[in-house]
Structure formats: C-alpha cells, structure tokens
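Since the structure comes first, as structure tokens, the remarks are kept for the end.
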Amino acid sequence: MEVDLRTVSSFSQAQVSLSLSPSVSLCVSRWGVSIIMAAAEGTEEDDAAYVIKEGDCVVLKRGDIFKALKVQLNKKVMFEKQWLFLDKAVGQLYSTAFEVVSGGHLEPHKAKTTEGSAGFITLLCPLCSSVPPDTAEAGADNRNIVDDGKSQKLTRDDIETLKEQGLKGQDIIQQLIDNSSTFRDKTEFSQQKYIKKKKKKYESTITVLKPSCRILAMMYHGREPAKVCHLRHDTLAQMLTLGNIHAGSKVLVFETCSGLVLGAVMERMGGYGSVVQMYPGGEAVRAGVESFGFPPHFHDTLHEFPICHVNALLAGTLNTAPAKEPEADASDPSKAGEEAGQTDEDMGGGEGGPEEPKMETSTAAQDKQREWDKLKEIRLQEKKVKMEEKRKKLAAAAALLEGKNADGLIIASKFHPSLVLLGLIKFLAPSRPFVVYSQYIEPLIECYTKLKDQGGTVNLQLTDSWLRHYQVLPNRTHPVLQMSGGGGYLLTGTTTVNMRNFKAADAQQADEPPAPKKLKLSGSDG
Numbered sequence: 020m021e022v023d024l025r026t027v028s029s030f031s032q033a034q035v036s037l038s039l040s041p042s043v044s045l046c047v048s049r050w051g052v053s054i055i056m057a058a059a060e061g062t063e064e065d066d067a068a069y070v071i072k073e074g075d076c077v078v079l080k081r082g083d084i085f086k087a088l089k090v091q092l093n094k095k096v097m098f099e100k101q102w103l104f105l106d107k108a109v110g111q112l113y114s115t116a117f118e119v120v121s122g123g124h125l126e127p128h129k130a131k132t133t134e135g136s137a138g139f140i141t142l143l144c145p146l147c148s149s150v151p152p153d154t155a156e157a158g159a160d161n162r163n164i165v166d167d168g169k170s171q172k173l174t175r176d177d178i179e180t181l182k183e184q185g186l187k188g189q190d191i192i193q194q195l196i197d198n199s200s201t202f203r204d205k206t207e208f209s210q211q212k213y214i215k216k217k218k219k220k221y222e223s224t225i226t227v228l229k230p231s232c233r234i235l236a237m238m239y240h241g242r243e244p245a246k247v248c249h250l251r252h253d254t255l256a257q258m259l260t261l262g263n264i265h266a267g268s269k270v271l272v273f274e275t276c277s278g279l280v281l282g283a284v285m286e287r288m289g290g291y292g293s294v295v296q297m298y299p300g301g302e303a304v305r306a307g308v309e310s311f312g313f314p315p316h317f318h319d320t321l322h323e324f325p326i327c328h329v330n331a332l333l334a335g336t337l338n339t340a341p342a343k344e345p346e347a348d349a350s351d352p353s354k355a356g357e358e359a360g361q362t363d364e365d366m367g368g369g370e371g372g373p374e375e376p377k378m379e380t381s382t383a384a385q386d387k388q389r390e391w392d393k394l395k396e397i398r399l400q401e402k403k404v405k406m407e408e409k410r411k412k413l414a415a416a417a418a419l420l421e422g423k424n425a426d427g428l429i430i431a432s433k434f435h436p437s438l439v440l441l442g443l444i445k446f447l448a449p450s451r452p453f454v455v456y457s458q459y460i461e462p463l464i465e466c467y468t469k470l471k472d473q474g475g476t477v478n479l480q481l482t483d484s485w486l487r488h489y490q491v492l493p494n495r496t497h498p499v500l501q502m503s504g505g506g507g508y509l510l511t512g513t514t515t516v517n518m519r520n521f522k523a524a525d526a527q528q529a530d531e532p533p534a535p536k537k538l539k540l541s542g543s544d545g
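According to the working numbering, the stretch in the sequence shown is residues 20 to 545, in order.
Written out as structure tokens, the structure is:
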C-alpha cells in the first residue's frame with residue numbers, strides 16, 4: 020500500500036492517496052472520499068485468480084456476519100434469514116458488494132454520491148456510513164422527544180408493500196425518515212445511529228470475499244467460538260509467527276479447531292513443504308481446511324498420523340507393512356450352504372414336483388440373494404481399498420516422523436496438552452520452535468513446569484493475548500463496548516539437545532565397577 024500525503028495550505032486541507040491495488044486507488048480529503056478505478060495491468064491469467072468462478076469456495080459477509088460456502092449455479096443459499104442465488108456473482112471480482120433484489124438475485128452495488136448542505140461529498144458504499152441530504156437539520160438535544168410509538172406514520176404493512184414494489188433498502192430508509200415526526204428533532208449523532216440501525220435491517224448488501232486465514236478465523240469466532248476453542252484471529256497470527264511457519268518446512272499440527280489451525284498453516288506454507296496432522300479418534304477432521312479452497316497440489320503436502328500410534332512409533336514397534344490376505348478355504352461355508360440348498364431343491368423337484376407359484380417364489384429369493392451377495396462383495400472390496408489407502412498414508416507419515424527432524428510443532432486442542440506436548444516434542448530437531456495454545460492458563464503452567472524439569476528446551480514463555488477494538492468517529496472515538504474479554508494463552512519455546520541424557524549415560528558408565536585384571540601365571544620350576 021502506497022501512501023502519498025500532500026499538504027495544500029494547512030493540515031485540514033491535506034489529501035491522502037492510497038494505492039490499494041494496481042487497479043484501485045483511494046483518495047481521501049476534506050471534501051470526501053473517492054475511489055479511482057484504473058486500467059488493470061497484467062495478463063488475464065493474473066486477473067483470473069481474483070475472479071469468482073463456479074465451484075470456488077467463497078465467504079459471504081454482511082455487517083459482522085460471515086458464512087463460508089461453495090459457489091454453485093441454480094442453488095438457493097440461506098444467509099441471515101434470506102434466500103439468494105450466487106449465479107450473477109460468477110465472473111465478478113472478489114470483494115465486490117452486491118444488493119439482493121427481488122427473487123434472491125444479486126446485482127453489483129453501484130456507488131452514488133450526494134451533496135449535503137455543508138458542501139461535503141459523501142460516498143454511499145458499504146464501507147462508509149452516509150446521511151441522506153434531507154437530514155441536515157438536527158436538534159440540540161433529545162429532551163423534548165417522547166418515545167410513545169406514534170412518531171412513525173408507516174406501518175409494517177406499508178413497509179412490506181414497499182418491498183413488494185421492488186424498492187431498495189436505501190429508498191425504504193428514506194421513506195422512514197420522511198414519515199418520522201421526531202427524526203429532525205434528534206441530534207446529529209442520534210440521526211446517524213437511527214440510519215445505521217435501519218440500514219442493518221432493510222439494506223441487503225452482501226460482499227463476496229476470498230477465503231483467508233483471518234476471515235475464516237473471524238467467522239468461526241463470531242458464529243461458533245466453541246468449535247475453535249475460542250481461538251481469536253490475532254492469537255492465531257501469533258501462533259504462526261512464533262512457530263516460524265514458512266514454505267519448505269516440516270510442521271507437526273495437533274488441533275481440535277475444526278481444521279482452522281491446520282488450514283492456516285497450509286496457507287502460510289503456500290503448498291511447499293510437509294504438514295503432518297496428528298489427530299485423535301478414528302478419523303481426521305478437516306472441515307475448516309475445505310473452506311480455504313486450496314488447489315490440489317496443496318493437499319499433496321498434507322499427511323495424517325493418529326496420536327494413538329505415537330508411542331508405538333517411538334518404541335519402533337509400529338507395523339505399517341501390508342496385511343497378508345488369508346488363503347481361501349477349500350470349502351466356503353456360505354457357498355457350501357448354497358450348493359446344498361440347490362441340491363435339496365433339485366431332489367425335491369424330482370420327487371414331489373412343486374407347484375409353479377413355489378418355483379417363482381424360490382427363483383425370486385435366489386435372485387435377491389445373488390444381488391445381496393454382489394453388493395456385499397462390492398462393499399468388501401471398497402473397504403479393502405480404503406484400508407490400503409489408509410495404510411499407505413500411515414506409512415508415509417511414519418516415514419516423515421521417524422527422522423525426528425521436524426521444523427515446528429503447533430498444538431491447539433481442547434484436551435490437556437501436557438502428554439501430547441511431551442510426546443510430540445521428541446520428533447522436533449534441535450533449535451526448533453513449538454507453540455501450545457490453550458483457552459485456560461492452568462494446563463500451560465503444568466506444561467511449563469514439566470518442560471523445566473526434564474530439560475531439552477530453552478526460552479520458555481507463557482503469554483496471553485489481548486485485543487481491543489475502537490470505534491473511530493468524529494467526537495465519538497471510544498473502545499467498543501462488546502468485545503472479546505481474552506484471546507487465550509500461548510506457551511512457546513525452543514528445543515535443544517538434552518544434555519541430561521548424556522550426563523546420565525556418562526554417570527551410568529562411571530558407576531559400573533571396573534573389570535577384574537587378568538593375573539599372569541608364572542611357570543613353576545620342576
């Protein structure tokens with residue numbers, strides 16, 4: 020981002036020019052805000068990465084609400100109690116704001132400019148709050164305003180009628196202002212709060228964003244913080260930095276945050292290196308990774324290893340060889356039963372001559388049994404293929420871990436991190452960082468104490484994350500009242516060669532008694 024500050028005659032007349040991208044620049048001055056669109060330089064291939072395409076993973080944003088989904092044509096999407104289609108978003112650039120029109124279709128939001136009585140030009144866009152030109156009049160205070168519920172002439176039915184007529188949210192808000200008997204008696208701040216509240220209710224402006232680590236972290240923390248262990252985006256950024264995550268490294272990740280931390284590590288590495296996901300239970304959870312929309316070559320660097328096999332791998336007893344198939348029995352019981360049944364039927368048919376309805380029933384049962392056997396065999400083959408793929412993945416991950424030369428370790432789990440940390444830290448090479456996140460400080464204190472006792476680590480630090488949001492408006496700059504109280508705690512450190520093991524080995528050799536000396540026997544005189 021390039022910033023060019025030009026002073027005309029005084030600081031009040033300063034103009035700031037921000038170059039947001041090669042094709043977009045933002046100019047801010049005392050006369051307002053203007054966005055300048057320039058001709059994009061570069062090839063079509065460069066621009067294709069910023070264009071929304073069918074099948075892309077995107078994030079919808081409305082206010083402070085986010086939702087991750089995949090772009091599919093002719094499919095209804097439910098977002099904030101509103102049905103919409105993403106068909107017209109295909110071909111548009113990411114970060115484009117759309118208005119939801121009748122029928123749930125999207126139309127690109129067009130910026131409009133209005134000039135107020137003070138001569139200021141205000142840009143009407145989703146990023147800037149605006150006051151209609153008719154609202155220049157404002158009262159000194161709100162002491163004479165009585166909230167009796169009769170100040171608004173429009174009823175709910177009238178508003179629904181306006182919606183059915185196809186009026187946009189901005190026009191409906193203007194109608195509400197015109198039909199309010201107390202709006203012009205409110206102070207300027209109260210008027211802006213009123214407009215902001217009505218915008219949130221009636222304006223259907225949705226922004227389509229490209230998924231990123233920050234956006235998805237904000238989405239999870241805002242909608243379902245328990246799924247990510249209340250991990251905030253600023254804490255996640257510290258984890259990636261303190262863990263020295265970079266392209267070409269080998270990183271171990273143990274997390275129960277729906278794959279958010281794993282996806283953040285993969286995004287930082289850029290598809291180069293190796294990521295080994297250590298997971299509890301029978302299967303790895305990667306819901307958050309799918310929301311990133313990584314290209315296929317990113318998944319080639321991802322490996323998985325169950326945490327329950329760590330002790331076996333350290334002891335050298337882990338078996339990753341393919342299982343030998345048992346030899347087929349000479350007499351299969353099921354087949355023998357079928358042959359016996361067929362023999363009995365043939366014998367019965369020769370002796371008594373069954374009736375035709377019984378023969379039809381018997382034939383239908385045999386056909387049904389054959390179909391069931393085929394389906395059972397297909398499922399058995401699919402199960403064998405899955406087991407073989409799982410074995411190959413386990414063997415590949417074990418081969419990466421056996422060298423004990425990993426470059427970093429990230430732990431963010433709802434489980435107690437003590438045993439996990441002490442087990443996985445053995446796979447790190449010397450002078451490598453590790454980061455442990457916990458929502459509570461007590462588990463990390465226990466980890467800190469155990470690491471101090473056993474040695475092999477230096478620069479141990481236990482920190483907490485704190486973030487404050489500010490509202491920055493004229494004469495109304497203050498911290499946001501509703502904000503997160505804490506961002507969790509981090510335990511960080513660096514591995515070293517544990518000299519205590521060498522000292523213990525030397526002490527063991529020193530304690531061993533010396534071997535008895537051999538006595539030389541002299542020949543006796545005869």
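Glycine residues also receive a C-beta, built at the ideal position from the N, C-alpha and C atoms.
- In the three-state scheme derived from DSSP, where H, G and I count as helix and E and B as strand, residue 202 is classed as helix.
- DSSP, read as helix, strand or coil, puts residue 231 in coil.
- CA-CA distance, residue 84 to residue 238, rounds to 7 Å.
- By the neighbour-count criterion, in which 16 or more other beta carbons inside 10 Å mark a residue as buried, residue 459 falls on the exposed side.
- Under the three-state reduction of DSSP output, residue 288 falls in the helix class.
- The alpha-carbon of residue 494 is positioned some 32 Å away from that of residue 483.
- Residue pairing for residue 126: DSSP places it in a beta bridge opposite 118.
- In this structure, DSSP gives residue 297 an extended state, which the three-state scheme calls strand.
- Beta-bridge pairing by DSSP links residue 457 to 508.
- At a Cβ-Cβ threshold of 8 Å, residue 269 and residue 125 do not count as neighbours.
- Secondary structure of residue 326 (DSSP, three-state): helix.
- Here residue 175 carries a helix assignment [DSSP, helix/strand/coil].
- Residues 69, 77, 78, 113, 114 of the same chain have their beta carbon placed closer than 8 Å to that of residue 229, with the five preceding and five following residues left out of the count.
- The alpha carbon of residue 272 has as its nearest neighbour, out of 304, 251, 241, the alpha carbon of 304.
- If you keep only unbroken alpha helix (DSSP H) runs of at least 4 residues inside the segment 63-90, you get 63-67.
- Taken through DSSP and simplified to helix, strand or coil, residue 97 comes out as strand.
- According to the DSSP assignment, residue 166 belongs to no alpha helix (DSSP H), since it is labelled neither H nor E.
- By alpha-carbon distance to residue 464, the top candidate from 411, 436, 258 is 436.
- Residue environment analysis places residue 514 among the buried positions, since at least 16 neighbouring C-beta atoms fall within 10 angstroms of its C-beta.
- Taking all protein chains shown into account, residue 492 has fewer than 16 neighbouring C-beta atoms within 10 Å of its C-beta and is therefore exposed.
- Under the DSSP definition of a beta bridge, residue 497 partners with 490.
- For the 8 Å CB-CB criterion, residue 194 and residue 202 do not form a contact.
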